[in-house]
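Using the working numbering, you'd call the opening residue of the sequence shown number 857 and step up by one each time.
We treat Cβ as the ideally placed atom computed from N, Cα and C, and that holds for glycine.
To start, the structure itself, in C-alpha cells.
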Amino acid sequence: MLTGWMLYTMWVVLGLIGLNWLTDMYRGLIGKTFSHATLTGVLGDMMTTVLPLLILNWAMDLDSTGWIVQIGYYLAGLGAIWHQLSNIKNKWM
Numbered sequence: 857m858l859t860g861w862m863l864y865t866m867w868v869v870l871g872l873i874g875l876n877w878l879t880d881m882y883r884g885l886i887g888k889t890f891s892h893a894t895l896t897g898v899l900g901d902m903m904t905t906v907l908p909l910l911i912l913n914w915a916m917d918l919d920s921t922g923w924i925v926q927i928g929y930y931l932a933g934l935g936a937i938w939h940q941l942s943n944i945k946n947k948w949m
C-alpha cells in the first residue's frame with residue numbers, strides 16, 4: 857500500500873508523465889504532426905516507470921528490514937522524475 861512520501865512520489869511521477877503527454881499532444885497538434893506514437897509513448901512510460909515502482913511497493917512486505925526496498929523505491933522514483941523532467945526539457949529546447 858502506498859503511504860506517505862511513497863504516495864507523493866507516485867503522484868509526481870504520474871503528473872510528470874501526464875505533463876509529458878500534454879507536451880507531446882500540444883506540439884503534435886500545433887505542428888500538425890500528430891501520430892499514434894504519442895499514445896504509445898505514454899503507455900511505454902507507464903510500463904517502464906510506474907510498473908517497477910508498484911513492484912517495489914509490493915516487495916515491501918518481503919523486506920525483513922523494512923527500509924532496503926523503500927530506499928530502492930525512492931531512488932527509482934527520483935530517477936523517474938529526473939527522466940521525465942529531462943524529456944520535457946528536451947522537447948522545448
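* Asked: Residue range of the alpha helix (DSSP H) that Leu-995 falls in?
  -> In this structure the chain extends from 857 to 949, so residue 995 is not present and cannot be described.
* How many Å lie between Gly-922 and Leu-907 at the Cα? -> Taking the sequence shown and counting its residues from 1, the one referred to as residue 922 is at position 66. Taking the sequence shown and counting its residues from 1, the one referred to as residue 907 is at position 51. Gly-922 and Leu-907: Cα-Cα distance of roughly 20 angstroms.
* Asked: Where does Gly-860 sit, in a helix, a strand or coil, going by DSSP?
  -> Here residue 860 is taken as the residue at index 4 of the sequence shown, counted from 1. In this structure, Gly-860 counts as coil in the three-state DSSP scheme.
* **Cα-Cα separation, Lys-947 to Thr-879** => Position 91 of the sequence shown, counted from the first residue, corresponds to residue 947. Position 23 of the sequence shown, counted from the first residue, corresponds to residue 879. For Lys-947 and Thr-879, the distance between alpha carbons rounds to 8 angstroms.
* Asked: CA-CA distance, Ile-924 and Tyr-930?
  -> Along the sequence shown, read from residue 1 onward, the residue named residue 924 stands at position 68. Along the sequence shown, read from residue 1 onward, the residue named residue 930 stands at position 74. If I take the Cα positions, the gap works out to 10 angstroms.
* **Inter-residue spacing [alpha-carbon to alpha-carbon] between Asp-917 and Leu-863** => By 1-based counting over the sequence shown, the position of residue 917 is 61. By 1-based counting over the sequence shown, the position of residue 863 is 7. Rounded to whole angstroms, Asp-917 to Leu-863 spans 16 angstroms at the Cα level.
* Alpha carbon to alpha carbon, what distance is there between Thr-894 and Trp-877? -> Position 21 of the sequence shown, counting from 1, holds the residue named residue 877. Position 38 of the sequence shown, counting from 1, holds the residue named residue 894. Looking at the two C-alpha atoms, the distance is approximately 7 angstroms.
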